[in-house]
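**Q** If you read the sequences in order, they're chains A and B.
Counted from 1, the first sequence has number 302 at position 303 by numbering that gives the first Met the number 0; the numbering is strictly sequential.
Counted from 1, the second sequence has number 5 at position 6 by numbering that gives the first Met the number 0; the numbering is strictly sequential.
2 protein chains.
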Amino acid sequence: MTSIRDIARQAGVSVTTVSRVINNNGYVGAATRARVEQAVTALAFTPNAHARRMRSGTSRMVGVILPALDVPFFGILAHVIEQELFRRGLQALICCTDESPDQEADYISMLLAQQVDGVLAASVLADSTQYQRLVDAGVPIVAVDRALPGLAAISVAPDHQAGGRMMAEHLLQLGHRRFAVIGAPRHSPPVQARVQGTVQRLAEAGLRPQVALGTAHDFDECRALAAEVLAGDPVQRPTALIGTTDIAAIGAIHAAIGLGLAVPGDVSVIGFDDLPEARYVLPALTTVAQPLREIGVQAVAQLVARMAGEVAVLAELPLRLVLRDTTAPPPQYGLA
Amino acid sequence: MTSIRDIARQAGVSVTTVSRVINNNGYVGAATRARVEQAVTALAFTPNAHARRMRSGTSRMVGVILPALDVPFFGILAHVIEQELFRRGLQALICCTDESPDQEADYISMLLAQQVDGVLAASVLADSTQYQRLVDAGVPIVAVDRALPGLAAISVAPDHQAGGRMMAEHLLQLGHRRFAVIGAPRHSPPVQARVQGTVQRLAEAGLRPQVALGTAHDFDECRALAAEVLAGDPVQRPTALIGTTDIAAIGAIHAAIGLGLAVPGDVSVIGFDDLPEARYVLPALTTVAQPLREIGVQAVAQLVARMAGEVAVLAELPLRLVLRDTTAPPPQYGLA
DNA sequence: TTGTACGCGTTATCAG
DNA sequence: CTGATAACGCGTACAA
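(1) Is S187 of chain B a contact residue of the ligand MG, with contact defined as CB to any heavy atom under 7 Å?
(2) Check whether the Cβ atoms of L119 of chain B and V79 of chain B sit closer than 8 Å, and answer yes or no.
(3) For A335 of chain A, which residues of its own chain have a beta-carbon under 7 Å away from its beta-carbon, when the five flanking residues on both sides are left out?
(4) Can you give the Cα-Cα distance for V194 of chain B and I249 of chain B, rounded to whole angstroms?
(5) Name the one or two DSSP bridge partners that G242 of chain B has.
(6) Give me the Cα-Cα distance between R323 of chain A and A283 of chain A, rounded to the nearest whole angstrom.
(7) Evaluate D126 of chain A with the Cβ neighbour count: other Cβ atoms within 10 Å of its Cβ, from every protein chain shown; 16 or more gives buried, anything less gives exposed.
(8) Against chain B, does M306 of chain A count as a neighbour if the rule is that its beta carbon must be under 8 Å from one of theirs?
(9) Looking only at C-alpha atoms, which of A:Q301, A:A311, A:Q114 and A:A183 sits nearest to E270 of chain A?
(10) Can you grab the Cα-Cα spacing for the pair Q102 of chain A / L133 of chain A, in whole Å?
(11) Can you give, in chain order, each stretch of the beta strand (DSSP E) that sits fully within the segment 200-230 of chain A and has at least 3 residues?
(12) So the beta strand (DSSP E) F271 of chain A belongs to, where does it begin and stop?
(13) Return the first residue and the last residue of the beta strand (DSSP E) that S154 of chain A is part of.
(14) By the three-class DSSP mapping on this structure, what secondary structure does V134 of chain B have?
(15) Using a C-beta cutoff of 8 Å, does C221 of chain A count as contacting chain B?
(16) Using a Cβ-Cβ cut-off of 8 Å, state whether A112 of chain A counts as contacting chain B.
(17) Looking at A225 of chain B: is its Cβ nearer than 8 Å to the Cβ of I256 of chain B?
(18) Give the residues from the segment 45-56 of chain A that approach chain B closer than 9 Å (Cβ to any Cβ), ordered along the chain.
(19) Let me make sure I understand the geometry here. Which of A:G11, A:R185 and A:E293 has the alpha-carbon closest to that of P157 of chain A?
(20) Can you find a C-beta in chain A that's less than 8 Å from the C-beta of L302 of chain B?
(21) At a Cβ threshold of 8 Å, is P71 of chain A touching chain B?
(22) Look at the alpha carbon of D5 of chain A and the alpha carbon of V287 of chain B, and state the distance between them as a whole number of angstroms.
(23) Looking at V155 of chain B: is its Cβ nearer than 8 Å to the Cβ of V141 of chain B?
(24) Do three or more CB pairs link the segment 73-93 of chain B to the segment 78-96 of chain A at distances below 8 Å?
(25) By a C-beta neighbour count over all protein chains shown, 10 Å radius and 16 as the cutoff for buried, is G196 of chain B buried or exposed?
(26) Using a Cβ cut-off of 7 Å, pull out every chain A residue sitting near E276 of chain B, in sequence order please.
(27) Give the single residue among A:L65, A:P263 and A:V14 whose Cα lies nearest to the Cα of L170 of chain A.
(28) Over the uninterrupted alpha helix (DSSP H) stretch that includes M53 of chain A, give me the two end residues.
(29) Taking the alpha carbon of P188 of chain A as the reference point, which residue from A:G56, A:R236 and A:T243 has its own alpha carbon closest?
(30) Do three or more CB pairs link the segment 216-225 of chain A to the segment 159-170 of chain A at distances below 8 Å?
(31) Beta-carbon of G333 of chain B versus every beta-carbon of chain A: anything under 8 Å?
(32) Spatial neighbours of A254 of chain B within its chain, please: CB distance less than 7 Å, with the 5 preceding and 5 following residues excluded, ordered by chain position.
(33) Any beta-carbon of chain A closer than 8 Å to the one on L42 of chain B?
(34) Evaluate T45 of chain A with the Cβ neighbour count: other Cβ atoms within 10 Å of its Cβ, from every protein chain shown; 16 or more gives buried, anything less gives exposed.
(35) Is it buried or exposed for M306 of chain A, if we count other Cβ within 10 angstroms and need 16 for buried?
(36) By a C-beta neighbour count over all protein chains shown, 10 Å radius and 16 as the cutoff for buried, is A67 of chain A buried or exposed?
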């Protein structure tokens, strides 16, 4: 590795001068500067980031803890976050926990060792002990998509429970009375919050949905769940399926159509997220959109503010009903 | 930041002893070890990774250069790569170039500064000058999904051109004679290779497809492209649409159905990749599957071997036709 | 305007 | 079995 010292020798100056040229501070004579710059390009010198961090005590690195990258939701979130950080000269250390608490704990140890200046996290952990280690080390944390249990960190996330209510509301207004909630992954707090919102809103209408929750971010599982729900007696069968995510809802559409039911003629289906995938299905999925890219942008803005010892105001993260082709009044509605 | 020195003081030993305890090498008396370990937990000490790197000269970090994370293909690839690296105690530095050559160059400078031990890259660059900087610094590079132009790096990628041929072959065997290729993004070498394979195979059958290529990884654009292609005279209109990716093919399906055409009754559609999304559309997409997860696994294995100065044999990365519901003989076939 | 010397947190070498 | 010390590459008081 060629170091600042090699440059100094090559240019016939001291290391201090080289440092000054590289960082553009302090006085350096024009001729000297030129000689140094020439040596820098000649030897293809790049300053060693680790050595810099040793001196400065700041790493310009940010941990980004996410359950996965191979599901569209988190892929998009990771993309936005990474770009926003890079734009600010911050290096993202993306950590896929793969929904494993042990792995998440390991990642936190690693981030501590890396001396990260901040952490963005969508955690799958149930308690705060792991994140407390970061707090104790003075590392600012911002929660994304979901709160950090037991921690007083700011959380950049939409109101998932309100989202659950919105889904129910829309179908209620269309006249539906028999509902099922198809959702996954069951352990995900945002999913739970949506289910809770839906159940609550339906309860206000004197109704109670069937709730079928699966374990993974998985299309097949949700399809199977929905197929089971739809298999019963046609007059008892739900006329409205509420997916806790778009993928769950897409699974539900497949289940219905596989059973020979028309969507939305026989069953209405609604999703949550408004991923690109919502438009890939046919009929295209009606869904509640969350401002995913805005969430990423806001989360980074919050964290950067925290890292600078400031507190930024958190913008609204509004949910929005996106009407497409999978919801309609229930079949018997006209006959009631 | 609490350092090894703080631990030494707390435990009443020298820093050397602390280091020995932490790294579990050299002789340390049981009592001494206990005292040190107690101090470590008491002060919640985590060794500073940067200082370690300074001494060792090795960073245990790997650059992962990808065009994006917000498209399913690269999201999955990134996920697999990140997990494989972490499993081996290597830290992934994921870099989204967002298809920008300038940004990619900036990332390479950053990776050099980070003293990465290796790089995995799906580049959008047209020449080798940027990657040559890594080569000059002695950093092993493995290309993923596509070769690195002008560089003698190993490339872990399926035979995209053969994939293009497979798509044509399947439709030819069904009896189709009028083809269009719908693809994006146009500047992507894998896409180009697939188009080339398709065109070549069709030429061998004395046929020439229309080729319509868009600029982004974009559903809407491909749908528009396909709509244009299908808009003409029904007897001239292609009976088979070849998507260079699943997303392009899904766009094509929407175009056809939007025009009142039946899939696969009036038009057959085939895709490439076999993403989960291929199964979300209705009818489900027939496609050529590439072993995406295997590509990630192999790429990491190759890189790790290179980093150890070894060379691993590269396993086959077979493509496979996945028959689903979007291809059938052309409508006039029975009447010919 | 330029240079000398120290310290950031580790680990390896060598001495005891 | 344990400790003192040098060195990794850099930035910055301080001196010249």
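Backbone N, C-alpha and C define an ideal beta-carbon position, used for all residues, glycine too.
What you are looking at is a predicted structure, and each value in this text was computed from that prediction instead of being measured.
**A** Put simply:
(1) Annotation note on the ligand MG: not contained in the displayed structure, which lists no ligands.
(2) no
(3) Because A335 of chain A carries a pLDDT of 43, less than 50, the predicted location of this residue cannot be relied on, and the following value inherits that uncertainty. Excluding positions up to five away in sequence, the list is empty.
(4) Distance between the alpha carbons of V194 of chain B and I249 of chain B: 17 Å.
(5) B:I181
(6) Looking at the two C-alpha atoms, the distance is approximately 6 Å.
(7) Result: exposed.
(8) Look at M306 of chain A: its C-beta is not under 8 Å from any C-beta on chain B.
(9) According to the sequence shown, residue 270 of chain A is Gly rather than Glu. Measuring from the Cα of G270 of chain A, the nearest candidate turns out to be A:A183.
(10) Distance between the alpha carbons of Q102 of chain A and L133 of chain A: 16 Å.
(11) Counting whole runs of 3 or more residues, the segment 200-230 of chain A contains the beta strand (DSSP E) stretches 209-212.
(12) S267 to D272
(13) Counting along the chain, the beta strand (DSSP E) containing S154 of chain A begins and ends at I153 to V155.
(14) helix
(15) no
(16) yes
(17) No, Cβ-Cβ distance for A225 of chain B and I256 of chain B is not below 8 Å.
(18) T45, P46, N47, A48, H49, A50, R51, R52, M53 and G56
(19) The option with the nearest alpha carbon to P157 of chain A is A:E293.
(20) no
(21) yes
(22) 53 Å
(23) yes
(24) yes
(25) buried
(26) E276 and Y279
(27) A:P263
(28) Run containing M53 of chain A: A48 to S55, per the alpha helix (DSSP H) assignment.
(29) A:T243
(30) no
(31) Note that G333 of chain B scores a pLDDT of 47, beneath 50, so its modelled location is shaky; the value from the coordinates is reported in the next line. No, G333 of chain B does not count as interfacial toward chain A.
(32) Within the same chain, and ignoring the five residues on either side of A254 of chain B in sequence, the residues whose Cβ sits closer than 7 Å to its Cβ are R222, A225, A226 and L229.
(33) Answer no: the Cβ-Cβ gap between L42 of chain B and chain A never drops below 8 Å.
(34) buried
(35) buried
(36) buried
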